[in-house]
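**Student:** Structure incoming, see below.
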Amino acid sequence: MEHDPGMNLRFKAFLDNESQDSVELALNYCGIEECRPGYFHSPPKRSIYLIHIILRGKGILEIDDQTFHLGENDAFLIPPYRKGSYRADQEEPWVYMWIGFSGLKAYECLAKAGFGQQRLVRQVACTERLHGIIRKMLEIPQLTLVNELRRNSMMQWFLSELIEEYQVLHKNQDTYSYSAAAYVNYAKEFLAENYNRKVKVNDLAERIGINRSYLAKSFKKMIGCSPQQFLVNLRMEKAVTMLKNTEFPINQIAAEVGYENPLTFSKIFKQRYGISPKNYRGSASSFPTVQNDCVE
6 MEHDPGMNLR FKAFLDNESQ DSVELALNYC GIEECRPGYF HSPPKRSIYL
56 IHIILRGKGI LEIDDQTFHL GENDAFLIPP YRKGSYRADQ EEPWVYMWIG
106 FSGLKAYECL AKAGFGQQRL VRQVACTERL HGIIRKMLEI PQLTLVNELR
156 RNSMMQWFLS ELIEEYQVLH KNQDTYSYSA AAYVNYAKEF LAENYNRKVK
206 VNDLAERIGI NRSYLAKSFK KMIGCSPQQF LVNLRMEKAV TMLKNTEFPI
256 NQIAAEVGYE NPLTFSKIFK QRYGISPKNY RGSASSFPTV QNDCVE
C-alpha cells in the first residue's frame, strides 16, 4: 500500500546501487506523513536505513517478532533487509517524518545516535529541530547537483542532531567518535599553536568534545605527561630559544610564551632547569642541555 496522499510531503532521490554503496552517506528519500486512522504500511525490504520520528499521535510498529507501542517523540529504525510494518492508531493516528539513507558511514552514524540491529527504538527530544530540517529538504525537490549537495548536507545535519543529543544523554560513558590518538594529536597541535595564550585544560577538552579526565588519561598513556605539563614544557622550550637568540627582556619573553606575570615564569623556569632565566642567558657560551621529556 502506497503512502497516503493529501497533506503528506515526500522526496525521493533516484540513486543506483553503485551510488548507494560507494559514498559515505546518501539520501534516498524523506517525507512527512499525516496518517488516516488505522493506516497500515509494510514497506518492502530495502538496502537502506529508514528512520521514522513521531510528531504526534500514536501507533504500533512490528518488526520481526517484536511489537512496539509508540507515541509522540518516539523514533524507530528499520534496518536494511529487515521486514517491518506499522499501523496508525484508530483514535489518535500518528503524524511522523521519515528519512531513508545509505552509504559506508550510515551504520556508524546510527550507532553513535543510539540505534542498532537490536536497538530499534529511542526517544528524541530535538523533534522540532529535526522537523525543521526535513521541511527544508522538502522545499528543494528538484534533481539538480546544487540541490543534491544541499539535501545531503541537511541529512548530515539531521544525523548530527540525533548523535549529539544521544551523546549528551550518555556523556559519562566515554563513547567518543575517534581514537584516543586522534584527540591527543589534535590537542598537541592546538597547544603548539596557542601556547602563548591563556589555555585551560577544561576549555581544551570541551573544544575537542571529550571530558578532561579522558584527555588527561589519554595524554599520560600516549606521551607520558599531562596536557598541562605538555603545555608548560612547550612554553619553556620556546623561552629557551628566545633567551638564546634574542635580546628581549625577561618580562617580554614571559608574555610571549603565555605568562602574564614574569615572576611566575621565572619560578617555573627555575624549577624546570635549576637556573633562573636571567642567569641562563648570562651563562657562558655553551648553554646547559635542556630535557623536555614530553615535547616531541
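Residue 6 is where the sequence shown starts when you use the numbering used here, and the numbers rise one by one after that. C-beta atoms are modelled at their ideal positions from N, C-alpha and C, and glycine is treated no differently.
Would the beta-carbon of Tyr188 fall within 8 Å of that of Ile215?
**Tutor:** Taking 8 Å as the Cβ cut-off, Tyr188 and Ile215 qualify as a contacting pair.
**Student:** Once DSSP output is grouped into helix, strand and coil, what is the label at Trp99?
**Tutor:** Coil.
**Student:** Mind reading off the beta-carbon distance from Leu220 to Val206? Whole number of angstroms is fine, and I expect it under 8 Å.
**Tutor:** Contact holds; Cβ gap of about 7 Å.
**Student:** Tell me the DSSP bridge mates of Ala197?
**Tutor:** Paired residue(s): none; Ala197 is not in a bridge.
**Student:** Hey, how far is the Cα of Ala259 from the Cα of Ile280?
**Tutor:** Cα to Cα, the separation comes out at about 15 Å.
**Student:** Whole-angstrom Cβ separation of Met247 and Phe274, contact assumed at under 8 Å?
**Tutor:** Their Cβ separation, rounded to whole angstroms, is 11 Å, which puts Met247 and Phe274 out of contact at 8 Å.
**Student:** If you draw a straight line from the C-alpha of Glu194 to the C-alpha of Phe235, how long is it?
**Tutor:** So the alpha carbons of these two residues sit roughly 11 Å apart.
**Student:** Leaving out the 5 sequence neighbours to the left and right, which residues in its chain are closer than 6 Å to Cys131 when beta-carbon positions are compared?
**Tutor:** These residues qualify, in order along the chain: Glu166 and Glu170.
**Student:** Look at the alpha carbon of Pro10 and the alpha carbon of Gln123, and state the distance between them as a whole number of angstroms.
**Tutor:** Annotation note: pLDDT 37 at Pro10 (below 50); position unreliable, coordinate value reported separately. One C-alpha to the other measures close to 32 Å.
**Student:** Which of helix, strand or coil does DSSP assign to Glu166?
**Tutor:** Looking at Glu166 - three-state DSSP - the assignment turns out to be helix.
**Student:** Whole angstroms are fine: how far does the CA of Gly229 sit from the CA of Leu304?
**Tutor:** A question about residue 304 goes unanswered here, because the residues of the chain that appear run from 6 up to 301.
**Student:** Could you tell me the alpha carbon to alpha carbon distance between Glu261 and Pro282, rounded to whole angstroms?
**Tutor:** Their Cα atoms are separated by approximately 14 Å.
**Student:** Between the beta-carbon of Val100 and the beta-carbon of Glu29, is there less than 8 Å?
**Tutor:** Contact flag unset, no.
**Student:** Do Phe106 and Met142 have their C-beta atoms closer together than 8 Å?
**Tutor:** Not a contact, by the Cβ cut-off of 8 Å.
**Student:** What are the partner residues of His74, as DSSP defines its beta bridges?
**Tutor:** Answer is Ile65, bridged to His74.
**Student:** For Gly89, count neighbouring Cβ atoms within 10 angstroms of its own Cβ and tell me buried if that reaches 16, exposed if not.
**Tutor:** Flag for Gly89 reads buried.
**Student:** Drop a sphere of 10 angstroms on the beta-carbon of Gly121, count the other beta-carbons inside from all chains shown, and report buried for 16 or more, exposed for fewer.
**Tutor:** Flag for Gly121 reads exposed.
**Student:** From Met6 to Ile168, what distance separates their C-alpha atoms?
**Tutor:** Its pLDDT being 33, under 50, Met6 is placed unreliably by the model, and the measurement read from it follows with that caveat. Distance between the alpha carbons of Met6 and Ile168: 32 Å.
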